[in-house]
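**Q** In my numbering, the protein residues as written are 16 to 302.
The beta carbon of each residue, even a glycine, is placed where N, CA and C say it ideally should be.
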């Protein structure tokens, strides 16, 4: 399968990150921060330098991953100041995508409301009424922009966002009628927080044409204690599921990229060391 890494998980020095990618035969670079700058904020000269470096080293860009729409709440509305700033940033990321040849641009969703739907009384007493309904209108302009730009958006399943499971990601796509241009960026580690089991239930939600991109890391969640621990690959709660996930992706002919998300460190803040401790297990399962 097509394997890559979110480069700034190794280093924000892209040249160094690419060197490490070469050590492990990783072909696909996902860009989030290059230097101290988030994608969408680089100058034209900096984008040209990034593009030249990656092409000279034989790397393809899998996705540009700015935190578009992250931090918005149900109080925001399409066209308000914050939404407009995010849309402007999205357009800049898309302009960069055309230069570096990135087929995908990531978006996020509004901050999470815990209970969106309910029955038998919960709909009256527990549901954040109308919260979900505020979201599709916020995302719809991004969908139309992606169609105009001939790019595909991927919405990430996030820890603290309204879309925090494959179920909610698929529902957003269906509510927008946007399966042609909006796909799921599945991060099964993030989905652990809402207790959506990655396989088979989580994968079943996206296997029929909804999946656009994958992030892989291993975690241990303790929701009652509001605690998340990133674990060495194979030593968290996803460890037993990586092989079944990989086997299912192969069997179904998934042709997107699987990006290793290097957010583990061995207790000393050294994320490159964490990457080196985990990448063998990642490749053993997904390579």
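Can you tell me whether residue 58 is buried or exposed? The criterion is at least 16 other CB atoms within 10 Å of its CB, across all chains shown.
**A** Exposed: under 16 other Cβ atoms inside 10 Å.
**Q** Between residue 184 and residue 56, what straight-line distance do the alpha-carbon atoms span, to the nearest angstrom?
**A** If I take the Cα positions, the gap works out to 27 Å.
**Q** Mind checking residue 172: buried by the 16 CB within 10 Å criterion, or exposed?
**A** Buried, because 16 or more other Cβ atoms sit within 10 Å of the Cβ of residue 172.
**Q** Does the segment 105-112 touch the segment 85-92, meaning 3 or more C-beta pairs lie closer than 8 Å?
**A** No, they do not touch.
**Q** Identify whether residue 222 lies in helix, strand or coil by the three-state DSSP scheme.
**A** Residue 222 falls in the coil class under three-state DSSP.
**Q** Can you name the start and end residues of the beta strand (DSSP E) that residue 293 belongs to?
**A** Run containing residue 293: none in the beta strand (DSSP E); it sits in the alpha helix (DSSP H), 286-301.
**Q** Got a sec, what are the start and stop residues for the beta strand (DSSP E) residue 246 sits in?
**A** Run containing residue 246: 242-246, per the beta strand (DSSP E) assignment.
**Q** Ordered along the chain, which non-local residues of its own chain (more than five positions away) have a Cβ less than 8 Å from that of residue 191?
**A** The residues are 151, 154, 155, 158 and 197.
**Q** Would residue 44 pass as a contact of residue 76 if the rule is Cβ separation under 7 Å?
**A** Contact: yes.
**Q** Between 284, 283 and 257, which lies nearest to residue 302 when the distance is taken from Cα to Cα?
**A** It is 257 whose Cα lies nearest to the Cα of residue 302.
**Q** Between residue 37 and residue 290, what straight-line distance do the alpha-carbon atoms span, to the nearest angstrom?
**A** Rounded to the nearest angstrom, the two C-alpha atoms are 13 Å apart.
**Q** Pick helix, strand or coil for residue 272, following the three-state DSSP scheme.
**A** The answer is strand: DSSP assigns residue 272 an E or B state.
**Q** Judging by CA-CA distance, which residue of 273, 205, 223 and 178 is the nearest neighbour of residue 300?
**A** Checked all of 273, 205, 223 and 178; the closest Cα to residue 300 is 273.
**Q** Report yes if the C-beta distance between residue 46 and residue 18 is below 7 Å; otherwise report no.
**A** In this structure, residue 18 does not lie closer than 7 Å to residue 46 by Cβ.
**Q** Helix, strand or coil: which one does DSSP assign to residue 33?
**A** If DSSP states are grouped into helix, strand and coil, residue 33 belongs with the helices.
**Q** Tell me, please, whether the segment 63-77 touches the segment 127-135 by the rule of three or more beta-carbon pairs shorter than 8 Å.
**A** Contact between the segment 63-77 and the segment 127-135 is absent, because fewer than three Cβ pairs lie under 8 Å.
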